[in-house]
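Student: Residue numbers (this note's numbering), protein chains in the order written: chain A, 262 to 332; chain B, 31 to 293.
I'd like to ask you about the structure that follows.
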Amino acid sequence: MNGTLNGNLNLIGYGLSAIGPGVGIGLIFAAYINGVARQPEARGMLQPIAFLGFALAEALALFGLVLAFVL
Amino acid sequence: MSPLVLAAGEGFTPPGPEDFWWPIVGSDASNWTLTRPAVVALFSVALIAWFFLAATKRRSIIPGKLQFVGEGAYGFIREGVGRDLIGSKDFRRFMPLLFTQFTFILVNNVFGIIPLIQFPTMSRIAFPIGLTVLTYVVYHTVGFRKKGFVGYLKDLVPPGLPTWIVPFIFLLEFVDKFITRPLTLSLRLFANMFAGHLLLLVFILGAEHMILDLGPALKVAGILSGVLAVVMTFFELLVEVLQAYIFTLLTALYIGGALAEEH
């Protein structure tokens, strides 16, 4: 039986490139949780910083996704 | 030989982006076609309007069930997002925008797993782009209005930096605030809904194909795939609520950043 696999190699590249932002987002939220656990009253101050960093790190993953489909 | 190759060999067409194109009235080629996401979006607006009219119709000190849910949702966005991120001085005038965005995105996202509707509106890129344009215009407008044209641009660079680094930071911040932010805001919502719906399609169509068309060993794999589809549906619910929250949160964050006096 001769099966074929159709698909685009770009998506494998995207999978690899998503590792970086994945680790980055993990580190950001790890630091955020650590900070809030040590000093719960700092939550309000840490939250915007954590989410800005998260948005910036996820931007890389999203660019990768777009380029995987466009190129 | 792996199951994937077997499945691909016998006329199984994997789901793809074309599964998201659902014309209802009008042809494929026309620019004016009524599609399924448009109908779902209109329905969601009617549903939200009905819900909040009903929830606020008979207001009393001791809230009824509807009023309790409505006030709970509003209080969550007001206290947890608006007041915290924009600041207690200015947040009131942005609450209509934030709460409308939150409820609209939430209802449309959850429609992705409600039986019979089962289409996340935001998996068509035009809807997230529309929402993002609103956020983009609002946060830049309030920024320019508050600080003036030059003042807003000057405020992109945090104070107290050495002079030679200022142009680079300005360029970075400018690209971030004017290009990266709107791109990622719309793409995040779109990509999450698109990928989530595609994931469910893969598991459900794969289960159907393996159970109905293939041999006994693969029937077992098909049942497993069906079970995973149910698990993934609950995971999708989590992602959908989270994405509605994150979109609102980032809108508030960007507005708060544009209004802030200093970095």
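Think of the CB as a built atom: it goes at the ideal place given N, C-alpha and C, for glycine as much as any other residue.
Assuming Pro47/B is part of the beta strand (DSSP E), what are its boundary residues?
Tutor: Careful: Pro47/B lies outside any beta strand (DSSP E) and carries neither H nor E.
Student: So, with DSSP's three-state summary, where would you put Pro53/B?
Tutor: Here Pro53/B sits in strand by DSSP.
Student: Leaving out the 5 sequence neighbours to the left and right, which residues in its chain are closer than 8 angstroms to Asn138/B when beta-carbon positions are compared?
Tutor: Contacts found: Val70, Ala71, Ser74, Pro150, Thr151, Met152, Phe157.
Student: For Gly305/A, count the other beta carbons within 10 Å of its own beta carbon; 16 or more makes it buried, fewer makes it exposed. Which is it?
Tutor: That one is exposed.
Student: Counting only C-beta atoms, is Glu319/A closer than 9 angstroms to chain E at any point?
Tutor: Judged by its chain identifiers, the structure shown contains no chain E, and its protein chains are A and B.
Student: Go through the stretch 95-152 of chain B residue by residue and report every complete run of the alpha helix (DSSP H) that reaches 4 residues or more, in order.
Tutor: Those alpha helix (DSSP H) runs which fall completely within the stretch 95-152 of chain B and span 4+ residues are 95-107, 125-140.
Student: Can you find a C-beta in chain A that's less than 9 angstroms from the C-beta of Pro45/B?
Tutor: It does not; no Cβ of chain A falls within 9 angstroms.
Student: Rounded to whole angstroms, what's the CA-CA distance from Val111/B to Ile310/A? Just pull it up for me.
Tutor: Those two C-alpha atoms are separated by around 14 angstroms.
Student: Ile155/B to Phe220/B, Cα distance in whole Å?
Tutor: Cα-Cα distance, rounded: 6 angstroms.
Student: Excluding the 5 residues preceding and the 5 following Phe50/B in the sequence, name in chain order all residues of the same chain whose CB lies nearer than 6 angstroms to its CB.
Tutor: If we look at Phe50/B and ignore the five residues flanking it on each side, its Cβ neighbours are Ser153.
Student: Does DSSP put Val278/B in a helix, a strand or coil?
Tutor: Checking the sequence, you will find Thr at residue 278/B rather than Val. Looking at Thr278/B - three-state DSSP - the assignment turns out to be helix.
Student: Output yes or no for whether 9 angstroms exceeds the beta carbon distance between Thr214/B and Glu319/A.
Tutor: For Thr214/B and Glu319/A, yes; Cβs fall inside 9 angstroms.
Student: By a C-beta neighbour count over all protein chains shown, 10 Å radius and 16 as the cutoff for buried, is Leu34/B buried or exposed?
Tutor: Caution applies to Leu34/B, whose pLDDT of 49 falls short of 50 and renders its modelled position unreliable; the value that the coordinates give is listed next. Under this definition Leu34/B is an exposed residue.
Student: Tell me, please, which residues DSSP counts as bridged to Thr65/B.
Tutor: Thr65/B pairs with Pro53/B.
Student: Could you list which residues in chain B have their beta carbon closer than 9 angstroms to that of Ala303/A, in chain order?
Tutor: The premise fails here: Ala303/A is roughly 13 angstroms from chain B at the closest Cβ pair, so nothing lies under 9 angstroms.
Student: Which residues, in chain order, does the stretch 92-125 of chain B contribute to contact with chain A at a C-beta distance below 8 angstroms?
Tutor: Flagged, chain order: Asp114, Leu115.
Student: Would you give the residue range spanned by the alpha helix (DSSP H) that Gly226/B belongs to?
Tutor: That run of the alpha helix (DSSP H) goes 211-243.
Student: Tell me, please, whether the stretch 282-291 of chain B touches the stretch 165-179 of chain B by the rule of three or more beta-carbon pairs shorter than 8 angstroms.
Tutor: Contact between the stretch 282-291 of chain B and the stretch 165-179 of chain B is present, because at least three Cβ pairs lie under 8 angstroms.
Student: Can you look up Glu266/B in the DSSP assignment and give me helix, strand or coil?
Tutor: Residue state, collapsed to three classes: helix.
Student: Apart from the five residues just before and just after Leu191/B, which ones in its own chain have a Cβ nearer than 8 angstroms to its Cβ?
Tutor: Excluding sequence neighbours, Leu191/B sits near Ile199.
Student: Mind listing which residues of the stretch 161-179 of chain B have their C-beta closer than 7 angstroms to chain A's C-betas, in chain order?
Tutor: If the cut-off is 7 angstroms between Cβ atoms, the stretch 161-179 of chain B has nothing near chain A.
Student: Run through DSSP, which three-state label would Asp185/B get?
Tutor: Correct three-state label for Asp185/B: coil.
Student: Under the rule that 16 or more other beta-carbon atoms within 10 Å means buried, what is Val284/A, buried or exposed?
Tutor: Looking at its Cβ environment, which holds fewer than 16 other Cβ atoms inside 10 Å, Val284/A is exposed.
Student: CA-CA distance, Leu321/A and Trp52/B?
Tutor: About 31 angstroms.
Student: Under 9 angstroms, Cβ to Cβ, is there at least one residue of chain A near Thr210/B?
Tutor: Chain A, which has a Cβ nearer than 9 angstroms to the Cβ of Thr210/B, makes this yes.
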